[in-house]
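All residue numbers for the sequence shown refer to this note's numbering, where the first residue is 4 and numbers rise by one. Take a look at the structure below.
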Amino acid sequence: MNTVKASVIFSTYNSTAWLEKVLWGFFCQTVRDFEIVIADDGSTEETRSLIDRMRVESEIPIKHVWQRDDGFQKSRILNKAIAATEGEYVIFTDGDCIPRNDFVAQHLRFAEKGCYLSGGYFKLPMDVSKAITKDDIVSQRAFDLGWLKDAGFKTNHKALKLIAKGRFADFLNRISRTRTTWNGHSASCHREHIVAVNGFNENMQYGGQDCEFGYRLVHLGLEGKRIRYSAICLHLDHSRGYSTLETRLKNREISAYTKKHKVVRSPLGLDQYLNEDTRS
Numbered sequence: 004m005n006t007v008k009a010s011v012i013f014s015t016y017n018s019t020a021w022l023e024k025v026l027w028g029f030f031c032q033t034v035r036d037f038e039i040v041i042a043d044d045g046s047t048e049e050t051r052s053l054i055d056r057m058r059v060e061s062e063i064p065i066k067h068v069w070q071r072d073d074g075f076q077k078s079r080i081l082n083k084a085i086a087a088t089e090g091e092y093v094i095f096t097d098g099d100c101i102p103r104n105d106f107v108a109q110h111l112r113f114a115e116k117g118c119y120l121s122g123g124y125f126k127l128p129m130d131v132s133k134a135i136t137k138d139d140i141v142s143q144r145a146f147d148l149g150w151l152k153d154a155g156f157k158t159n160h161k162a163l164k165l166i167a168k169g170r171f172a173d174f175l176n177r178i179s180r181t182r183t184t185w186n187g188h189s190a191s192c193h194r195e196h197i198v199a200v201n202g203f204n205e206n207m208q209y210g211g212q213d214c215e216f217g218y219r220l221v222h223l224g225l226e227g228k229r230i231r232y233s234a235i236c237l238h239l240d241h242s243r244g245y246s247t248l249e250t251r252l253k254n255r256e257i258s259a260y261t262k263k264h265k266v267v268r269s270p271l272g273l274d275q276y277l278n279e280d281t282r283s
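Shown next, in the form of structure tokens:
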């Protein structure tokens, strides 16, 4: 029997400073009936130590799903994390994204069978990313446009995501012309749908695996629903040394094949782990 309503999954790799900020964000959510599942793609003992320390501070259950470092294998660790979930509804974000305190509540508010949700993020430069403290997150100052400006952020039109609330945010979700895709920073659907498409495609490394997963959800019969002005997170800056031309080209070929042939199930995916105990 499920003991939580939802499971939140995000990946991490040797980025404890950012991971700590992300966890603080989830500790102050307005709803509490969820679990955190950290998909760890081979971090060192420093990450495990941080998670153990943060567990003591947390009312929210935390699972740490770890695999050996074998290069960028996010699809693989996400599948292992999905297998460890107990919630009937699964929310995905990234280990470099601080959720606003209504992030989980908004995903649950809009959740419906036959749909997946596509949320939004607000990208920060490195200096502002580093400046954010625990108190800034708990107080929600970090999501205030005035505070961000004082911290050095140069505003742009995307700041509307931070300003829009309530019915205005709902209105912007409806009229947005942004293409609805499955986004790793803020997306969700029912667990049964993830199982039906066999999770993420482990033949894909960095670049495009989220969109390819979304294509297969659509081929299953799901409709994408935008909540990019409602479910917001702050995207902390970082390098992307794991991206190569070879992997990007390979992933584009896989995505194109998935789209053209309306593939539903991943050929190498979640079913490998559904009967394994991947939790720690």
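Note that beta-carbon positions come from the ideal geometry of N, C-alpha and C, so glycine has one too.
Close Cβ partners of residue i (< 8 Å) along its chain, the five nearest in sequence each way excluded
| i | result |
| --- | --- |
| G117 | G224, L225, E226 |
| S179 | R229, R231, Y232 |
| E91 | N5, K8, A9, H193, R194, E195 |
| T247 | Y209 |
| K24 | I101, I135, K137, I140, L239 |
| Q32 | I63, P102, N104, D105, F106, V107, A108 |
| E60 | F30 |
| C214 | T184, W185, S258 |
| T181 | R229, R231 |
Identity of the residues DSSP links to residue i by a beta bridge
| i | result |
| --- | --- |
| H110 | Answer by DSSP bridge pairing: none, since H110 is not bridged. |
| W185 | None, per the DSSP bridge assignment. |
| D44 | Beta-bridge pairing links D44 to no other residue. |
| A190 | F95, S121 |
| K66 | V40 |
| T15 | D43 |
| S10 | E38, V93 |
Close Cβ partners of residue i (< 6 Å) along its chain, the five nearest in sequence each way excluded
| i | result |
| --- | --- |
| H241 | D99 |
| L271 | E205, N206 |
| I65 | I39, R58 |
| M129 | D240 |
| A234 | F106, Q109, H110, G122, S189 |
| T261 | E215, Y218 |
| N254 | M207, G210, G211 |
| I166 | none |
| A154 | V131, A134 |
Proximal residues to residue i (C-beta, below 7 Å), its chain only, five neighbours per side dropped
| i | result |
| --- | --- |
| A190 | F95, Y119, L120, S121, G122 |
| S78 | F203, N204, E205, M207, Q212 |
| K152 | T158 |
| L220 | Y119, W185, C192, H196, V200 |
| C236 | T96, C100, I101, P102, R103, F106, Y124, H188, S189 |
| L127 | F156, L237, H238, L239, D240 |
| H67 | I41, D43, R51, I54, S283 |
| T249 | Sequence inspection shows Glu at residue 249; the Thr mentioned does not correspond to that position. Closer than 7 Å at the Cβ level, and outside the excluded window around E249, lies no residue. |
Backbone secondary structure at residue i - three-state DSSP
| i | result |
| --- | --- |
| I27 | Note that residue 27 is Trp in the sequence shown here, rather than Ile. W27 falls in the helix class under three-state DSSP. |
| N5 | Residue placement at N5 cannot be trusted, given a pLDDT of 49 that sits under 50; the coordinates are not used to answer. |
| V34 | coil |
| A87 | coil |
| S78 | helix |
| S52 | helix |
| R180 | coil |
| R58 | helix |
Contact check, residue i vs residue j, beta carbons under 7 Å
| i | j | result |
| --- | --- | --- |
| V93 | V34 | no |
| H196 | V267 | no |
| A145 | A84 | no |
| G210 | R170 | no |
| G187 | D72 | no |
| S52 | N17 | no |
| E49 | T19 | yes |
| L148 | A162 | yes |
| I80 | D55 | no |
| F156 | V131 | yes |
Min CB distance residue i to chain C below 7 Å
| i | result |
| --- | --- |
| H188 | Among the chains of the structure shown, chain C does not appear; only one protein chain is present. |
Quick check for students: name the residue ranges of the alpha helix (DSSP H) that lie wholly in the stretch 98-175, counting only runs of 4 or more. Fully enclosed alpha helix (DSSP H) runs of 4 or longer: 106-113, 129-134, 137-141, 148-153, 163-166.
Which runs of the beta strand (DSSP E) at least 3 residues long sit entirely within the stretch 200-280? Give them in chain order. Listed in chain order, they are 226-238.
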